[in-house]
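Quick note: the sequence shown uses numbering that gives the first Met the number 0, first residue 0, plus one each step.
Just so it is clear, CB atoms sit at the ideal spot from N, CA and C, and this is done for glycine as well.
As structure tokens, the structure follows; a few thoughts come after it.
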Amino acid sequence: MSDAASRLAEIRRRVADAEAAAGRPAGSVRLIAVSKLFNSDAVRPLIDAGHREFGENRVQEAVRKWPPLKEAYPDLRLHLIGPLQSNKTADAVRLFDAIHSLDRDRIAAAIAAEAAKQGRRPDLLVQVNTGGEPQKAGVAPEEAALFVERCRIAHGLVIDGLMAIPPVDEPPGPHFALLAKLADKAGLRRLSMGMSGDFELAIAFGATDIRVGEAILGPRPAAGRHG
Ligand SMILES: *Cc1c(COP(=O)(O)O)cnc(C)c1O
């Protein structure tokens with residue numbers, strides 16, 4: 000077994016333990032292996048081990064990396080977990096099975112137009128900036144419910160859940176709790192939260208989608224050497 004495959008097996012065990020500890024059904028958490036900056040050779044052992052859910056944070060990088068793999072493995076599911084610009088929306092709707100970073104009307108409108116044109120509808124999650132960080136993407140917590148409504152009514156989109164990236168320098172628990180509360184109020188079932196360092200806590204707070212990179216793939220290569 001490769002290092003990545005054995006780390007994947009260990010993370011799957013920890014996810015199963017966290018599901019059980021939270022009294023949640025086995026298999027209720029979707030484990031997304033975040034492969035940004037890793038090349039195809041690095042992700043192949045995970046695919047060989049049967050893993051099918053992968054996350055990328057840049058559309059351009061994903062467009063270079065994933066089309067041949069998706070053709071070879073049609074059941075692969077790709078998640079966009081980073082910012083989406085409107086000029087990349089066509090590529091994003093074509094390649095991704097879920098977009099976790101919807102946070103602006105302009106992008107909602109562009110996704111709706113592309114989804115109609117391509118006859119393809121990725122799952123959609125609205126990103127919430129739970130920490131109110133000025134440099135971070137996402138709608139403000141107090142605007143989340145209204146934005147979800149606008150996506151539904153003004154743009155005709157089905158919204159599946161919410162996503163958040165808590166501030167790095169704060170305990171994540173209160174952010175996970177806030178996101179769960181906002182999702183509950185909006186009647187949304189999916190919660191994308193939890194990364195390598197805190198996915199078990201996120202599962203305790205109800206995460207349905209966890210995004211785990213380095214704990215599976217090891218230290219990320221520096222930007223600029225991928226491709
Ligand atoms: C990179 C990234 C992750 C994974 O981070 P790790 O610490 O490697 O687990 C999760 N979510 C988002 C949005 C990311 O950009």
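Asked                                                                                                                                                              : Found
Out of curiosity, what's the CA-to-CA distance linking A107 and C150?                                                                                              : 6 Å
Whose CA, out of R219, G49, A221, A203, lies closest to the CA of A15?                                                                                             : A203
Return the chain-ordered list of same chain residues with a C-beta closer than 6 Å to the C-beta of V33, the five sequence neighbours on each side being excluded. : G54, R210, G212
Run the CB neighbour count on A17, radius 10 Å, all protein chains shown included, and call it buried at 16 or more, exposed below.                                : buried
Check whether the Cβ of E213 sits closer than 7 Å to any heavy atom of ligand 1, and report yes or no.                                                             : yes
To test your reading of the DSSP string, which unbroken beta strand (DSSP E) runs of 3 or more residues are found completely within the region 40-111?             : 52-55, 76-79, 97-101
If you compare alpha carbons, which of D40, L123, E52, D159 is closest to K64?                                                                                     : D40
Ignore the nearest five residues each way along the sequence and tell me which others in L143's own chain have a CB closer than 6 Å to its CB.                     : The amino acid occupying residue 143 in the given sequence is Ala; Leu does not appear at that position. Excluding sequence neighbours, A143 sits near V127, L181.
Please classify R224: is it buried, with 16 or more other beta-carbons within 10 angstroms of its beta-carbon, or exposed?                                         : Bear in mind that a pLDDT of 48 at R224, under 50, signals an unreliable position, so the model cannot answer this.
In three-state DSSP terms, what is R210?                                                                                                                           : strand
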